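Heads up, the final residue of the sequence shown is numbered 1546 in our numbering, and it's a clean run with no missing numbers. Remarks on the structure that follows.
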Amino acid sequence: MSKYKDYDGKPGKTVLMGNSAMAEGCIAGGCRFFAGYPITPQNEVPEYMSRRLPQVGGRFLQMEDEIGSIAAVVGAAITGVKAMTSTSGPGFSLMQEIFSWAACIELPIVIADVQRTGPGSGVVSLPHHSDIMQAHWGGNGEYQIIAYAPCTCQELFDFGIEAFNDSETWRTPVVIFSDAWLGHIYERVIIPESDELNKKIVQRKIYEGNPATYKGASWKDRDGNIVISEPPILGNDFFPDWLPSVTHTPTYFASEDSDVSYKMIEAINQKILDNEEKIVKVQKLNLDDADIAIICYGLPFRTAKTAMKQARKEGIKAGILRLVTPWPFAKQEIKKLSESVKKIIVLEMNWGQILTYVEAAVEDGTSVHFIPEISKIPEPKKILDKIREVM
């Protein structure tokens, strides 16, 4: 592979398709390896990467299928490269086994999921936030992930950077949720100056010291906090040959001991759950005096804002809690919200994937209502009508 180069995007205003904006943001975040396979509606992502990555000293690989794609990404990441893939629908399903492996060995990788209508092959050109639960629970075993849900081309760029930063900081797979329509709109994107951008980037840490002093030699430090050490890099003296896909000790020796299994599962879950306040990102609009709140994420946030403004004109004090990161779930934020409003509307482009999480998080006495939408963005009128009905 050629020598990596610094990000070379021209700063300032430009116009990009959503899929291209996301790819460019990931490159800005340090991505230098991409492996992928064609599937609508994400085809522009690998196409864009095939042109751009060589310009920054990176490598693009067209793989034989989605399983090979994510396997290649894991292989690249194990060598110390920031790596990603993208897919949609059935392709995301095929990736789940190796997704689980990456979570098991705490490997920083990024998966962009440009969602389409399902189940099955569905409708390839229509949006459907059908993979929200699958991203968290699709692989075998128990693990936590981080996921971003952008709603503009600017956010697709920005969250591409954040996804790679979080994957490095927390050593976990990170998902970027897009969809068929968001991925194909064209909007203005502002690319920051290189000095500003470089301050944001979390670089890959590579352990090159004495194996005896590797801080990942234990799942916890002396104070009982989960240790997030540098990722193991194959080819050095400490991790020369392989990483397991099975239960292992902190130094990656395979184990069938139940106590080791408990400690490993605890570590890969609690490192995220214990840091919810640092990881979870939400956006709040007009909640200080709200009588009713809309909870949403992704593209529906755009139409929810229009409905909220109209409701306010009619004297209904509506507000919005937007889940910028659907995972980890903003349990504490929603609990706090339910203490100030007693009516909540959950708005999703699916049949209710986070609905039950919201219902479990709210305080007693708070009523939760739901607006499902399939294969299109919920229109402001539909949201406004629901607000009127609930109030």
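Every residue gets a Cβ at the ideal spot worked out from N, C-alpha and C, and that includes glycine. This one's a predicted model, so the numbers in the text were calculated from it and none came from an experiment.
Counting along the chain, where does the beta strand (DSSP E) carrying residue i start and finish?
{"i": "glutamine 1548", "result": "Because the chain in this structure spans residues 1156 to 1546, residue 1548 falls outside the shown range and cannot be described."}
{"i": "proline 1527", "result": "1522-1527"}
{"i": "phenylalanine 1408", "result": "Taken as a continuous stretch (DSSP letters only), phenylalanine 1408 belongs to no beta strand (DSSP E), as it is neither H nor E."}
{"i": "glutamate 1342", "result": "1341-1346"}
{"i": "serine 1241", "result": "1238-1242"}
{"i": "phenylalanine 1332", "result": "1329-1334"}
{"i": "aspartate 1268", "result": "1265-1270"}
Within this structure, are the beta carbons of residue i and residue j separated by less than 8 Å?
{"i": "alanine 1485", "j": "valine 1437", "result": "yes"}
{"i": "glycine 1173", "j": "serine 1280", "result": "no"}
{"i": "phenylalanine 1240", "j": "serine 1224", "result": "Before going further, note that residue 1240 is threonine rather than phenylalanine in the sequence given. Yes."}
{"i": "alanine 1190", "j": "valine 1344", "result": "no"}
{"i": "valine 1236", "j": "tryptophan 1256", "result": "no"}
{"i": "leucine 1262", "j": "alanine 1232", "result": "yes"}
{"i": "isoleucine 1346", "j": "glycine 1185", "result": "no"}
{"i": "phenylalanine 1247", "j": "glutamine 1289", "result": "yes"}
{"i": "phenylalanine 1254", "j": "glycine 1294", "result": "yes"}
{"i": "tryptophan 1482", "j": "isoleucine 1266", "result": "no"}
{"i": "tyrosine 1407", "j": "proline 1387", "result": "yes"}
{"i": "isoleucine 1450", "j": "valine 1513", "result": "yes"}
{"i": "isoleucine 1499", "j": "histidine 1524", "result": "yes"}
{"i": "isoleucine 1103", "j": "proline 1535", "result": "Absent from the model: residue 1103. The displayed extent of the chain is 1156 to 1546, so no value can be given."}
{"i": "proline 1328", "j": "isoleucine 1264", "result": "yes"}
{"i": "isoleucine 1381", "j": "alanine 1422", "result": "yes"}
{"i": "methionine 1548", "j": "isoleucine 1287", "result": "Since the displayed the chain opens at 1156 and closes at 1546, residue 1548 lies outside it and no answer follows."}
{"i": "alanine 1183", "j": "isoleucine 1316", "result": "yes"}
Please classify residue i as buried or exposed, where buried requires at least 16 other C-beta atoms within 10 Å of its C-beta.
{"i": "tyrosine 1136", "result": "Residue 1136 is absent from the model: the chain starts at 1156 and stops at 1546."}
{"i": "serine 1157", "result": "The predicted position of serine 1157 is uncertain, since its pLDDT is 45 and thus under 50; no value can be drawn from it."}
{"i": "asparagine 1505", "result": "buried"}
{"i": "aspartate 1414", "result": "exposed"}
{"i": "isoleucine 1361", "result": "exposed"}
{"i": "arginine 1326", "result": "buried"}
{"i": "serine 1276", "result": "exposed"}
{"i": "valine 1401", "result": "exposed"}
{"i": "lysine 1460", "result": "buried"}
{"i": "threonine 1480", "result": "buried"}
{"i": "tyrosine 1159", "result": "exposed"}
{"i": "alanine 1238", "result": "buried"}
{"i": "threonine 1511", "result": "exposed"}
{"i": "glycine 1164", "result": "buried"}
{"i": "tyrosine 1303", "result": "buried"}
{"i": "tryptophan 1336", "result": "buried"}
{"i": "tryptophan 1397", "result": "exposed"}
{"i": "valine 1170", "result": "exposed"}
{"i": "tryptophan 1292", "result": "exposed"}
{"i": "glutamate 1310", "result": "buried"}
{"i": "alanine 1409", "result": "exposed"}
{"i": "glutamate 1219", "result": "exposed"}
Between which two residues does the alpha helix (DSSP H) holding residue i run?
{"i": "cysteine 1308", "result": "1308-1325"}
{"i": "tyrosine 1512", "result": "1510-1516"}
{"i": "methionine 1172", "result": "Taken as a continuous stretch (DSSP letters only), methionine 1172 belongs to no alpha helix (DSSP H), being part of the beta strand (DSSP E) at 1167-1172."}
{"i": "arginine 1207", "result": "1199-1207"}
{"i": "valine 1545", "result": "1535-1545"}
{"i": "histidine 1291", "result": "1287-1292"}
{"i": "aspartate 1350", "result": "1349-1355"}
{"i": "valine 1275", "result": "The identity of residue 1275 in the sequence shown is glycine, whereas the question assumes valine. Taken as a continuous stretch (DSSP letters only), glycine 1275 belongs to no alpha helix (DSSP H), as it is neither H nor E."}
{"i": "serine 1255", "result": "1251-1259"}
{"i": "glutamate 1431", "result": "1431-1434"}
To which residues does DSSP link residue i through a beta bridge?
{"i": "valine 1496", "result": "None; valine 1496 has no bridge partner."}
{"i": "arginine 1214", "result": "Phe1188"}
{"i": "isoleucine 1225", "result": "In DSSP, isoleucine 1225 forms no bridge with anything."}
{"i": "glycine 1474", "result": "Ala1448"}
{"i": "lysine 1418", "result": "Partner(s): none; lysine 1418 has no beta bridge."}
{"i": "tryptophan 1482", "result": "Ala1302"}
{"i": "valine 1501", "result": "Ile1450, Phe1525"}
{"i": "lysine 1464", "result": "Note: lysine 1464 sits in no beta bridge, so no partner."}
Problem set entry | Contact between the segment 1450-1465 and the segment 1473-1481 (3+ Cβ pairs under 8 Å) | yes
Exercise. Is the number of C-beta pairs between the segment 1494-1504 and the segment 1442-1449 that are closer than 8 Å three or more?
Worked result: yes
Exercise. Quick check: the segment 1242-1251 against the segment 1266-1286, are there 3 or more CB pairs under 8 Å?
Worked result: yes
Exercise. Does the segment 1509-1521 come close enough to the segment 1534-1544 that 3 or more CB-CB pairs lie under 8 Å?
Worked result: no
For this session: Would you check if the segment 1283-1291 and the segment 1195-1204 touch, i.e. whether three or more CB-CB distances between them fall below 8 Å?
Result: no
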